[in-house]
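Okay, so here's the structure we're looking at.
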Amino acid sequence: AQSVTQLDSQVPVFEEAPVELRCNYSSSVSVYLFWYVQYPNQGLQLLLKYLSGSTLVKGINGFEAEFNKSQTSFHLRKPSVHISDTAEYFCAVTPGMTGFQKLVFGTGTRLLVSP
Amino acid sequence: NAGVTQTPKFRILKIGQSMTLQCAQDMNHNYMYWYRQDPGMGLKLIYYSVGAGITDKGEVPNGYNVSRSTTEDFPLRLELAAPSQTSVYFCASQFLGGLQYFGPGTRLTVL
Chain A
30 AQSVTQLDSQ VPVFEEAPVE LRCNYSSSVS VYLFWYVQYP NQGLQLLLKY
80 LSGSTLVKGI NGFEAEFNKS QTSFHLRKPS VHISDTAEYF CAVTPGMTGF
130 QKLVFGTGTR LLVSP
Chain B
79 NAGVTQTPKF RILKIGQSMT LQCAQDMNHN YMYWYRQDPG MGLKLIYYSV
129 GAGITDKGEV PNGYNVSRST TEDFPLRLEL AAPSQTSVYF CASQFLGGLQ
179 YFGPGTRLTV L
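The following block contains the structure:
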């Protein structure tokens, strides 16, 4: 079975500052990893994904994440945040992409960007 | 393409009432999913379907039922609503080997 840990429930940051949202996972098999963003009162939108290849993946809105297999981590980063990045961010993993995808989500990190 | 649509957006139910949350997708996806999101928690899988006529339980199926008579529609039925079912419900769909696309959600309150 897989599990995902997002240790920070809330991360406050000032506008234009860098930010890192942490995600660690546990799995006995290889996994595919995702970051989703949820703006207030909206559904989930895919930010980025790691399926294979380069461990540094770039997503939308200037976000990037690095897959570290030895540390079982997939931390999300942005060098300079905007007020509009205020949202909840979810890390998720699945052991397979073909067929039924058992997506396991973390509990989320609320990013609060203030001026 | 409208993508994944869900109705209603909001609903308040009284304890013991029943209702159906609607989910539809126009992308001809084989797989469809229902999740619930409770405050401070990630999404939990309620039920999923691998195609018309085939459904299976997820992690938290108790108190819910689903059906999949067509590729496009995947309604979630709540019988005898309970306060513990107060949550935000998300539907998602996925093509074989592809990514899951999420609907905008239904916010349900049971009083």
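Protein sequences appear in the order of chains A and B.
The working numbering applies: residue 30 is where the first sequence begins, and numbers increase by one.
The working numbering applies: residue 79 is where the second sequence begins, and numbers increase by one.
Beta carbons are placed, not taken as given, at the ideal position from N, Cα and C, and that holds for glycine.
| Check | Outcome |
| --- | --- |
| For a test of the three-state rule: what should DSSP assign to S162(B), helix, strand or coil? | helix |
| Could you tell me whether the Cβ of G91(A) comes closer than 7 angstroms to any Cβ of chain B? | no |
| Any idea what DSSP makes of N97(A), helix, strand or coil? | strand |
| Would a check of beta-carbon distances place L145(A) closer than 7 angstroms to chain B? | The first residue shown for chain A is 30 and the last is 144, placing residue 145(A) beyond what the model contains. |
| Report the option in E44(A), G125(A) and H104(A) whose CA atom is closest to the CA atom of Y118(A). | H104(A) |
| For Y126(B), which residues in chain A fall below 8 angstroms Cβ to Cβ? | F129 |
| Give me, in chain order, the residues of the same chain whose beta-carbon lies closer than 8 angstroms to that of V60(A); leave out the 5 immediate sequence neighbours on both sides. | Q31, Y54, V122, T123 and P124 |
| Against P182(B), what residues of chain A qualify as contacts under a CB-to-CB distance less than 9 angstroms, listed in chain order? | N70, Q71 and G72 |
| Can you list, in chain order, the residues of its chain with a C-beta nearer than 6 angstroms to that of Q100(B)? Leave out the 5 residues immediately preceding and following it. | T85 and P153 |
| Go ahead and pull the three-state DSSP assignment for N90(A). | helix |
| What residues from chain B crowd round F134(A), counting only those whose CB sits closer than 7 angstroms? | G120 and L121 |
| Of all the CB atoms in chain A, is at least one closer than 7 angstroms to the CB of G81(B)? | no |
| Below 8 angstroms, how does it come out for the segment 69-78 of chain A and the segment 172-186 of chain B: are there three or more Cβ pairs, yes or no? | yes |
| Give the residues from the segment 148-175 of chain B that approach chain A closer than 7 angstroms (Cβ to any Cβ), ordered along the chain. | F168, Q172, L174 and G175 |
| Buried or exposed: which applies to H107(B), given that a residue is buried once 16 or more other Cβ atoms fall within 10 Å of its Cβ? | buried |
| For F119(A), return the contacting residues in chain B, with the cut-off set at a CB-CB distance below 7 angstroms. | G120 |
| Please list the terminal residues of the continuous beta strand (DSSP E) segment that includes L141(A). | T138 to S143 |
| Would you mind sorting T127(A) into buried or exposed? The rule is 16 or more other CB atoms within 10 Å of its CB. | exposed |
| Does the separation of the CB atoms of K107(A) and G91(A) fall below 7 angstroms? | yes |
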